[in-house]
Amino acid sequence: MRTYFKRVRGWGALALLCSTLLSGCSFILATENSDPYTPDDVIAMVEEEFAACKPQLVWVETQIEKEKPFERRIYVLRDTANEFTFSCNAVVRRPTLPLPCAERDTNAFFHYAEGYAAHLNAEIGHVAEEYGFRAATTEEAEALIHSGVKRKHLDREVSLFDEGDFIFVTDGARGADMAAVCKKLHALYRPNGDGTVLSALYGRKITFYYLPSNETDRTRAAFVAFFTLKGPNDWAATLADNPGSSSNEKDVAALEQNLARYFGSCLRSAH
Numbered sequence: 005m006r007t008y009f010k011r012v013r014g015w016g017a018l019a020l021l022c023s024t025l026l027s028g029c030s031f032i033l034a035t036e037n038s039d040p041y042t043p044d045d046v047i048a049m050v051e052e053e054f055a056a057c058k059p060q061l062v063w064v065e066t067q068i069e070k071e072k073p074f075e076r077r078i079y080v081l082r083d084t085a086n087e088f089t090f091s092c093n094a095v096v097r098r099p100t101l102p103l104p105c106a107e108r109d110t111n112a113f114f115h116y117a118e119g120y121a122a123h124l125n126a127e128i129g130h131v132a133e134e135y136g137f138r139a140a141t142t143e144e145a146e147a148l149i150h151s152g153v154k155r156k157h158l159d160r161e162v163s164l165f166d167e168g169d170f171i172f173v174t175d176g177a178r179g180a181d182m183a184a185v186c187k188k189l190h191a192l193y194r195p196n197g198d199g200t201v202l203s204a205l206y207g208r209k210i211t212f213y214y215l216p217s218n219e220t221d222r223t224r225a226a227f228v229a230f231f232t233l234k235g236p237n238d239w240a241a242t243l244a245d246n247p248g249s250s251s252n253e254k255d256v257a258a259l260e261q262n263l264a265r266y267f268g269s270c271l272r273s274a275h
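According to my numbering, the sequence shown is numbered sequentially starting from 5.
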């Protein structure tokens, strides 16, 4: 009898969970023949999640990638406020334990953040130019990533261009200027101090390269250093989480000076 009541309570808890998730117009749990999230559902979710970016999304197009059961759709959406277009999927996934039924899902958060990052590229270019540097455009960065160029790291070879933003410096570059660029990019990627974009991207990597002023082939650039941005980290935490920091140092100005010195050392090694 005791075992019976335990089973009843277990099924009751599951029923309560299901009824909770099934409440509202955009519920998560579904059957194999349910509709995925609608464009309006996705728009509402993204605008709420990325409120700091002040998005104004409109639906552009729907493509049916897979018919029911377990339908998969592709939505094309445009952010009219930030002026970029992105695509994402809305799917009904097969049941996975512990849930006994199908599930609605979308990758809209990641693809919105990816589009927002690409939209920032022009501003990143302006920031780099303020200090005499050059940032790769989105198209240039993609070509460099696919170039397959390698660099030596310890006893192995790694990709010279892997991900994120690529910034090229030349003769006369200073570590303090590189640190200043990192600080401004940190602010760009965290609109109104909000780290949602960075969190959705799983962080953002900024890589600096040295390219002599008479060299135009960027695949011949020398790696200098990288700097990583993470969603939860304010500027002080970002400095403490990157190379050049001291575990005992808490003063932001001192951390910035340490970063500048670190970049300066990396520059000298890259020449």
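Note that CB positions come from ideal geometry on N, CA and C, so glycine has one too. This structure is a prediction, so every number in the text was calculated from the model and none was measured.
Closer than 8 Å to chain B by CB, residue i
i    : result
N262 : Absent from the structure: chain B. Only one protein chain is present.
Beta-carbon proximity of residue i to residue j, cut-off 8 Å
i    : j    : result
D109 : V95  : yes
F230 : T242 : no
E65  : V80  : yes
V185 : F227 : no
W239 : K187 : yes
A183 : E260 : yes
N93  : C57  : no
R208 : G168 : yes
L158 : H190 : no
P40  : W63  : no
A106 : T220 : no
D245 : N237 : yes
G248 : T200 : no
DSSP bridge partner residues for residue i (one or two, in chain order)
i    : result
F172 : R138 and Y213
Q67  : I78
N37  : N37 is not bridged to any residue.
L61  : D83
F231 : I210
C92  : Y79
V131 : Its beta-bridge partners do not exist; DSSP assigns none.
K156 : E161
R108 : V96
A226 : Y214
Own chain residues within Cβ distance below 8 Å of residue i, not counting five before or after
i    : result
V50  : P59, L61, L81, A112, F113 and Y116
R272 : none
A140 : L148, D169, F170, I171, F172 and R222
P77  : This sequence places Arg at residue 77; Pro is not what is there. P40, T66, Q67, I68, E69, N93, A94 and V95, listed in sequence order.
R97  : F74, A106, E107, R108 and D109
S91  : I78, Y79, V80, L81 and H115
S163 : I149, G152, V153, K154 and R155
S269 : G179
T89  : V64, V80, L81, R82, D83 and G119
D175 : P216 and S217
E161 : K154 and R155
Residues near residue i by beta carbon distance below 6 Å, same chain, minus five either side
i    : result
N37  : K72 and P73
I47  : L61
A204 : F113, F114 and A117
F165 : L148 and I149
A274 : Y214, A226 and V228
E144 : none
Same chain only: Cβ atoms within 7 Å of residue i, ignoring 5 sequence neighbours per side
i    : result
G127 : According to the sequence as given, residue 127 is Glu; it is not Gly. These residues qualify, in order along the chain: L192.
D255 : none
L202 : Y193, R194, R208, L233, K234 and G235
Y135 : D181, A184 and V185
A55  : none
E53  : F113 and T200
Integer Cβ distance of residue i from residue j, believed to fall under 8 Å
i    : j    : result
T142 : A122 : 5 Å
R222 : L148 : 6 Å
Q. When the Cβ atoms of the region 103 to 117 are set against those of the region 129 to 145, are three or more pairs found closer than 8 Å?
A. no
Q: Kindly confirm or deny that the region 259 to 275 and the region 164 to 180 touch, where touching means at least three C-beta pairs closer than 8 Å.
A: yes
**Q.** Any 3 or more C-beta pairs closer than 8 Å across the region 188 to 196 and the region 214 to 224
**A.** no
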